[in-house]
Amino acid sequence: MSERDRDAEVVVVGAGPGGAVLSYLLARSGVDVTLVERERTFEREFRGFGWSPGVVELFDRMGLLSDLLDLDHEIVTEGAATLYGERVELFDVGSLDARHPYVLMMEQPALLELVVSRAAEYDGFTFRPSTTVEGLVTEGGRTVDGGGLSEGERVAGVHARDRAADEDVTLRGCLVVGADGRYSRVRSAAGVDAGLFDPILDLVWFKLPVEDADPAGDTQVRIGRDGILVSFGIGGGEFQIGLPILAGTYPELRSAGIEAFHDRVAAIAPELRPALEEHVTDYGDCSLLEVAPGIAPEWVGDGFLLLGDAAHVASPVGAQGNPLAVADAVAAHATVVGALERSESPLPAGVLARYEGRRRPPVRRIIALQRRAERAMGLFLRYGRHVPPSLALTGAKASGSLLARSRLLRRSVERMALGAADEPVDSARFVD
C-alpha cells in the first residue's frame, strides 16, 4: 500500500482505555493514527472505575499522571470487608513496593477525554467520533463484515458509517487495531472467537450520593447471610455500589420490581434503604455487567491486532479490566512502532506476534486468579445463608492470616496490583 493510498498508518477502533492510550502513544511517537469511536461523546456509562498501582505507574511514565490527578478521583490505600458485622482486613496497598502505592478510583469519561486531547496535540492524530465500523477491508478491496477472512487475505482498513456526515467511509492503514470491547466488530469480522468461559456471576451497579452511600464505613466489601455488596468512591461526590448475583438471574430480579431490589440491597445494608428509595427509582438507574470472562484464541493476524476486552474479557474481581487494557496498549505501542519501521504493509502477523507472546501469559494468570475468586463468590451466593456466621468469620480470619504469611498468595495479590507496571513504556520513541 502506497502512502497516497492510505488514510493513516494505524487505524484504532474503539476509544476506551486501551484504544485511547495506544493512540496517544503512537501519535506521540510520530505515527499517523486515526482513532474511530462509535459514540458521539464520552458521556456514557462505563463499567470500569479502578486503576491499579501498576497502571498508575504507567500513566506516570507516559506523562499523563499529573493531569489525571487534577480530575475528580478517590484514592484507596487499603481494603477491608465487613463480614457479618465484623471488620476483616483484606489488603494493604500502601505496603506494596510501588512508586504509587494506591488504587486510583476514577470514572472513565473525563480520563478518556484527557487522553484523547493529549493525543490531539500531535499533527498525526485524527479522532473520528460518531463513526461505526461495519467491517474490515482486505488488501484486495473486499469488505468482510462477518464469517472471517479467507486464507491468505490481509486486512488493509475498515469500512465504517460516519453518522455525523451521513456517509460511508473507508479508512485504510498498515494496521487495524480492534480495541472495541467485548463485542468487538473487528474481532468478529476477522472470524476470531471470543473464547468466553461459562459465566458464574453478574453484577448490578448503581450510584448514590457519597453522603448517603457509604454502607460500611471504610470498607469496600460487605458480606452477610443475605449476600454481598461492593462499594467505593469514584470522585464527583458519588459512590459506586455493586450487587453480585448469580449469572442469568437478572431477568428474575427485574421482574420482581424495583422494591424487591431495594429489599435485597437493604437486607445486606439496611441503612441504604432511604437513599435507594430516593435515588434508585427504577432499573434505569442500574446497569448490568454480565461477567462473562474469556480469552480469544488469537490476537493478531496479517494487518490486524486485538487488545483489551476485544482480546480478553476480565471479570470485575480485583478491577483488572482497565490495567490489562492499558498494559496491552503499552506493549502494542512498542511492537507496532518497531514494525512500522520495516515499512511492510499491511503489517504481518509474524511481526505482531511479539505483542501477543508478551501479553498472553500475564493475562492468563490474572484471569485464572479471577476465576477462582468468582467460583468462591458463586458458592457463597448459593449457600452462604446456610453457613453459621461464627464459622464464616473463623474462615475469613484464617484466610487473612494465611495471606499475611504465604509468599505465594501475597505474590498473587501483588501481581494483580502491580503487574501492569511490568510493561516498559518505550518513551525513546517519543518525538518530544
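Numbering (our numbering), first residue to last: 237 to 668. Note that CB positions come from ideal geometry on N, CA and C, so glycine has one too. Predicted model, so just to flag it, every value in this text is computed and none were measured.
Original post:
Starting from Thr517 and walking both ways along the alpha helix (DSSP H), at which residues does that stretch end?
Top reply: Where Thr517 is concerned, there is no enclosing alpha helix (DSSP H), because DSSP gives it neither an H nor an E.
**OP:** Following the continuous beta strand (DSSP E) through His395, name the residue where it begins and the one where it ends.
**Re:** Looking at the DSSP string, the run of the beta strand (DSSP E) that includes His395 is Val391 to Asp398.
**OP:** Starting from Asp438, follow the beta strand (DSSP E) in both directions and report where the run begins and ends.
**Re:** Leu437 to Pro445 is the extent of the beta strand (DSSP E) around Asp438.
Subject >> Member of Cys410, Thr318, Glu325 and Gly266 whose CA lies at the smallest distance from the CA of Arg244 >> reply: It should be pointed out that residue 244 corresponds to Ala in this sequence rather than to Arg. The candidate whose alpha carbon is nearest that of Ala244 is Cys410.
Subject >> Straight-line Cα distance separating Leu479 from Val405 >> reply: Here the alpha carbons of Leu479 and Val405 stand approximately 42 Å from one another.
Original post:
Who are Glu322's beta bridge partners in DSSP?
Top reply: In DSSP, Glu322 forms a bridge with Leu319.
**OP:** Run the CB neighbour count on Asp359, radius 10 Å, all protein chains shown included, and call it buried at 16 or more, exposed below.
**Re:** Counting other Cβ atoms within 10 Å of its Cβ, Asp359 stays below 16 and is therefore classed as exposed.
Original post:
Could you give the distance in angstroms between the alpha-carbon of Val461 and the alpha-carbon of Ala256?
Top reply: Note on residue identity: the sequence assigns Arg, not Val, to residue 461. CA-to-CA, the gap between Arg461 and Ala256 works out to about 42 Å.
**OP:** Kindly indicate which residue of Arg280, Val369, Gln344 and Glu650 has the alpha-carbon position closest to the one of Leu271.
**Re:** The option with the nearest alpha carbon to Leu271 is Val369.
Original post:
Relative to the C-alpha of Gly469, which residue among Lys443, Leu605, Ala483 and Ala503 is closest?
Top reply: Cα-wise, what sits closest to Gly469 is Lys443.
Original post:
Are Leu524 and Tyr486 close, meaning C-beta to C-beta below 7 Å?
Top reply: With contacts defined by Cβ atoms closer than 7 Å, Leu524 and Tyr486 form a contacting pair.
**OP:** Along the alpha helix (DSSP H) that carries Ala471, what are the first and last residues, could you check?
**Re:** Here the sequence assigns Gly to residue 471, which means Ala is not the residue at that position. Neither: Gly471 is in no alpha helix (DSSP H) and is coded neither H nor E.
Original post:
Taking the DSSP output, what are the residues bridged to Ser523?
Top reply: The partner list for Ser523 (beta bridge, DSSP) reads Trp441.
**OP:** Figure out for me which residue from Val553, Ile436, Val267 and Ala400 has the closest Cα to the Cα of Ala467.
**Re:** Rather than Ala, the amino acid found at residue 467 in this sequence is Ser. Cα-wise, what sits closest to Ser467 is Val553.
Subject >> Reduced DSSP secondary structure (H/G/I, E/B, other) of His548 >> reply: If DSSP states are grouped into helix, strand and coil, His548 belongs with the strands.
Original post:
For the beta strand (DSSP E) that contains Arg408, what are its first and last residues?
Top reply: The continuous beta strand (DSSP E) containing Arg408 extends over residues Glu403 to Arg408.
Original post:
In three-state DSSP terms, what is Met298?
Top reply: Three-state DSSP puts Met298 in a helix.
Original post:
Hey, quick one: how far does the alpha helix (DSSP H) through Leu576 stretch, first residue to last?
Top reply: Start and end: Gly557 to Leu576.
**OP:** May I ask you to report which of helix, strand or coil DSSP gives Glu370?
**Re:** Three-state DSSP puts Glu370 in a strand.
Original post:
Touching or not, the stretch 535–542 and the stretch 381–394, by the rule of three or more beta carbon pairs under 8 Å?
Top reply: Under the three-pair Cβ rule at 8 Å, the stretch 535–542 counts as touching the stretch 381–394.
**OP:** For Pro253, collect the residues of the same chain with a Cβ closer than 6 Å to its Cβ; drop the 5 residues on either side in sequence, then sort them by chain order.
**Re:** Its chain contains Asn558, Ala561 and Val562 as the residues whose beta carbon lies nearer than 6 Å to that of Pro253, once the 5 sequence neighbours on both sides are disregarded; these appear in chain order.
Original post:
Is the stretch 505–520 close to the stretch 428–446, with three or more CB pairs under 8 Å?
Top reply: Enough Cβ pairs lie closer than 8 Å, so yes.
Original post:
Taking the continuous beta strand (DSSP E) assigned at Leu541, which residues delimit it?
Top reply: Looking at the DSSP string, the run of the beta strand (DSSP E) that includes Leu541 is Phe540 to Leu542.
Subject >> Backbone CA spacing between Val623 and Gln606 [nearest angstrom] >> reply: Rounded to whole angstroms, Val623 and Gln606 show a C-alpha spacing of 23 Å.
Original post:
In terms of residue numbering, what span does the alpha helix (DSSP H) encompassing Leu615 cover?
Top reply: Taken as a continuous stretch (DSSP letters only), the alpha helix (DSSP H) holding Leu615 covers Ala585 to Tyr619.
**OP:** Can you tell me the Cβ-Cβ gap for Leu588 and Val536, rounded? I've got them flagged as a contact below 8 Å.
**Re:** Rounded, the Cβ-Cβ distance is 4 Å, consistent with contact.
Subject >> For Ala546 and Gly427, believed in contact at Cβ under 8 Å, the rounded distance >> reply: About 14 Å separates the two Cβ atoms, so there is no contact after all.
**OP:** Just mark Val599 as buried or exposed, buried being the case when its beta carbon has 16 or more other beta carbons within 10 Å.
**Re:** Buried: at least 16 other Cβ atoms inside 10 Å.
Original post:
At which residues does the beta strand (DSSP E) containing Val249 begin and terminate?
Top reply: Taken as a continuous stretch (DSSP letters only), the beta strand (DSSP E) holding Val249 covers Val246 to Val249.
Original post:
Thinking just about the alpha-carbon of each residue, which of Phe497, Leu307 and Ala401 is nearest to the one in Ala346?
Top reply: Answer by Cα proximity: Leu307.
Subject >> Close-in-space but distant-in-sequence residues of the same chain around Ala401 (CB under 7 Å, 5 per side omitted) >> reply: Scanning its chain for C-beta atoms nearer than 7 Å, with the 5 sequence neighbours on each side dropped, one finds no residue around Ala401.
Original post:
Is Gly530 helix, strand or coil by DSSP?
Top reply: DSSP places Gly530 in strand when its eight states are reduced to three.
Subject >> Buried or exposed by the 16-neighbour rule on C-beta atoms within 10 Å, applied to Glu357 >> reply: By the 16-neighbour rule on beta-carbons within 10 angstroms, Glu357 is exposed.
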